Structure formats: C-alpha cells, structure tokens
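Student: Pasting a structure below so you can have a look.
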Amino acid sequence: MFLHYRRNLMPAGAGASLKSVTLALALSVAGLGMANTASAEEVIVGLVTKTEVNPFFVKMRQAAEEQAKAKGVKLIARAGKFDGDNEGQVSAIEDLISAGAKGILVTPNNSSGMLTIIKKARDAGVLVIALDTATDPADAVDATFATDNFEAGVQQGAYARKAMGDKAPIVAMLDGTPGGTVDTFRHDGYLKGFGIAEGDPAIAGAAITNGAQDKGQIGMENLLSKNGDINAVYTINEPAAAGAYAALKSFGKESDVMLTSIDGGCAGVRDVKDGKIAATVMQFPYKMAAMGVDAVAEYAASGKKPSGFVNTGSFLITDKPVDGIDSKDTAWGLENCWGD
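Counted the way mature numbering (1 follows the signal peptide of the UniProt record, and there is no 0) counts, the sequence shown spans residues -40 to -1, 1 to 300.
Below, the structure written as structure tokens:
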C-alpha cells in the first residue's frame, strides 16, 4: 500500500526520471568502486638508496625501474642527500609507508640507525629488504640481497698482498662511512685477506672518505704527508680510489703503490685497464635491485616473503693476475660493469 501510495503521488513522467537518476547514481557508485579497486590493486615498491649521484645507486635505481615496469608495479625511488644522511632515509621510508608501499628496498646509511622506522614499516605489513648494506642486527629486515662484503674485502686484500711480492707493506686505509656494515665488513675483510690485524704496525693510518672522490683525495694527501713510504692503499669504493690516485700522482707515487678497490663500475674498470688501480672487486647492483622488485611483486601476489642473506656475487677484476687467486680481465669487466 505504501509503495502504491507513493507512486500515485508522483507527477506524470517522474517514474522514468527517477529511474534515470537511480541508474546514473548506481553507475557513479560502481565507477568509484572500480577506481578504489584499481588503486587498491596498484602495488607500490619503494627504493631508498644512500645517494642519487653515486653510479652504484644510479644503476640500482635504473634496474629497479626496468624490473618494476616488467612486473607491472609502481616504483617510487628516494635517496639521502649525501652518504651518511640517515635522517633523510628515515623520512623517505615514512613517506613510503604513508603512500601505501607494499615493499621497501633500502640501502641503509647506518646499519643500526634505521631500526625503529624499519620496525614501523614491517609492523604495518610492509616487506622490507636491505640491498647492498645489511642492518645490524641482520634480522631487523625480512631479507638482505647484497654482495658478501667481507668476502669482497678478503678478495681485495689477498690480491694486494700477493701482488706486492716480498715488499714490506705500509698500508693506508681509505674507509667509507662509520656505522655501516659495508664499511666494517670490507675493512675487516681486506685486513684478513692481506694477512694483518687491526692495530698492526704495517698500517700507516686511515681516513674517512664517505665513499667520495674529493674526500678520498684529501684523505690520501693527508696520509702521504704523514708517511711518504705508503705502498699499499685499501679503498672502500672506486670513487675513493680515483681520489687516492689523484693524490698519489700529485706526490709522484702513482707507480709505486698497490691501489685496489671494490665496486665494478665502468669508470673503475677503465681505471684498472689504464693502470690507475691494480684491481677492483666487481659487485652487481642491478641484480640486487631486480631481485628486490621481484620479491615485492611475489609478496603482493602470494604473501610469500624472502628471508635471510642472499649473496649476489662478486669477481676480482685485474689485467695482472696472480697465481692462486681467481680473477677476470678488464675485457670481461667492461662487458659486465655498470654506470657510464
């Protein structure tokens, strides 16, 4: 009776008009639902690197972008303003959590300085994977995809010592950024491979470079000013090695020092080919990034999470091989390097 009564109150033609309005409203609501579904289904992968300018991280970002496109997910890349900018990375992860990232790939500037924000992300259901640099403790993240940096340091040190022959070593250590596992592992690995311990009289001194060329040059100049007999130089990466070479050349010692490094960028491999660096240990940032994007896409699709440490590999690159140490030449290095 009520429905009949209501229909009788409607003016002629109003029924058709109401049906049209109702249909339009239904379509509008359906459209909103579709938009919300599309938005909800969009998988966001966050990438937070130490800097935007280091060729290693540039390649990592490029690889992540390519893999995200292949997987049909959206990549949001952020970075610290400089190597060591822990606060900048924390802020970037905050933003990615707010943006609804399904997974975050991070190369932490400080291995223990990001534990709180990483826990916040994981508590929110975000998959967090460390790339290149492990956290401390390692299980603060779901998984780590990285070079075995200790082993890379061992490779560098073992080559340097054997290539020096019978020379009594006087070693300079050009370190990266204190507080990062990469810096610690490579430093300690080099000493082990070289066959000396921390505090050994053979170590002439150390300098902090933050992995930068200008600081590598300044640090090397300062160390040479204190001890002109330095004949072996450990460097945290190839930009620092390029700075060290410039300093050695300015002192006229570029041919007298066993300068080695770690990275595998094309510029560094060319420096090995040109005789500026005796050897470098190549790592694979593009592999780390691609594997990370794949893992987030898999997590979004199935809920499956990676775990533990995954070694993405390393190779010693030199054109002056020594017996007993595996290496590849710069021709191979230039085919597999990254950066310009």
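Virtual Cβ for every residue (Gly too), placed ideally from N, Cα, C.
Fair warning: this is a prediction, and the values are worked out from it, not measured in the lab.
(1) Return the Cβ separation of T240 and T272 in integer angstroms, given the expectation that the two are a contact with Cβ distance under 8 Å.
(2) Along the beta strand (DSSP E) that carries G293, what are the first and last residues, could you check?
(3) With respect to the alpha helix (DSSP H) encompassing G159, which residues constitute its N-terminal and C-terminal limits?
(4) Pair every Cβ in the segment 153 to 163 with every Cβ in the segment 228 to 246, then say whether three or more of these pairs are closer than 8 Å.
(5) Which of helix, strand or coil does DSSP assign to V13?
(6) What residues are listed by DSSP as bridge partners for M251?
(7) Leaving out the 5 sequence neighbours to the left and right, which residues in its chain are closer than 6 Å to V142 when beta-carbon positions are compared?
(8) Have a look at A260 and D135 and give me their C-alpha separation to the nearest angstrom.
(9) Could you pull the start and end residues of the beta strand (DSSP E) that I53 belongs to?
(10) Starting from K180, trace the alpha helix (DSSP H) in both directions and tell me its first and last residue.
(11) Apply the 10 Å Cβ neighbour rule to E2 and answer buried if 16 or more other Cβ atoms are within range, or exposed otherwise.
(12) Just to confirm, is the Cβ distance from K247 to A23 under 9 Å?
(13) Return the chain-ordered list of same chain residues with a C-beta closer than 7 Å to the C-beta of K152, the five sequence neighbours on each side being excluded.
(14) Use the C-beta contact count for E295: other C-beta atoms within 10 angstroms, 16 or more gives buried, fewer gives exposed.
(15) Residue range of the beta strand (DSSP E) that K34 falls in?
(16) Please name the residue in S267, D231, A257 whose C-alpha comes closest to that of T290.
(17) Just the C-alpha distance for Y194 and D43, rounded to the nearest angstrom, thanks.
(18) Rounded to whole angstroms, what's the CA-CA distance from I130 to I190? Just pull it up for me.
(19) Tell whether a beta-carbon distance below 9 Å holds between N70 and P199.
(20) Quick test of your reading: M242 and S267, contact by CB under 8 Å. State the CB separation rounded to the nearest angstrom.
(21) Are V33 and K62 closer than 9 Å when you measure CB to CB?
(22) Would you tell me roughly how many angstroms separate the C-alpha atoms of G188 and G179, rounded to the nearest one?
(23) Would P68 be called buried (16 or more neighbouring beta carbons within 10 Å of its own) or exposed?
(24) From which residue to which residue does the alpha helix (DSSP H) around I78 run?
(25) Expressed to the nearest angstrom, what Euclidean distance is found between the alpha-carbon atoms of G125 and D279?
Tutor: Judging by the given coordinates:
(1) With 8 Å as the limit, T240 and T272 do not qualify as a contact, their Cβ atoms being about 16 Å apart.
(2) Premise fails: G293 lies in the alpha helix (DSSP H), 290 to 296, not in any beta strand (DSSP E).
(3) Note, G159: premise wrong, no alpha helix (DSSP H); not H, not E.
(4) These segments do not touch.
(5) coil
(6) Answer is none; M251 lacks a bridge partner.
(7) The answer, listed in chain order, is T93, N109.
(8) 38 Å
(9) Not the beta strand (DSSP E): I53 falls in the alpha helix (DSSP H), residues 46 to 58.
(10) At residue 180 the sequence reads Met, which differs from the Lys that was named. Here the alpha helix (DSSP H) through M180 covers 173 to 186.
(11) exposed
(12) Yes. Within cutoff.
(13) V114, G117
(14) exposed
(15) 34 to 39
(16) D231
(17) Between Y194 and D43, the C-alpha separation is close to 19 Å.
(18) For I130 and I190, the distance between alpha carbons rounds to 5 Å.
(19) When the beta-carbon positions are compared, N70 and P199 stay at least 9 Å from each other.
(20) About 26 Å; that fails the 8 Å criterion.
(21) yes
(22) Straight across, the Cα-Cα distance linking G188 with G179 is about 13 Å.
(23) buried
(24) Unbroken alpha helix (DSSP H) run through I78: 75 to 83.
(25) 17 Å
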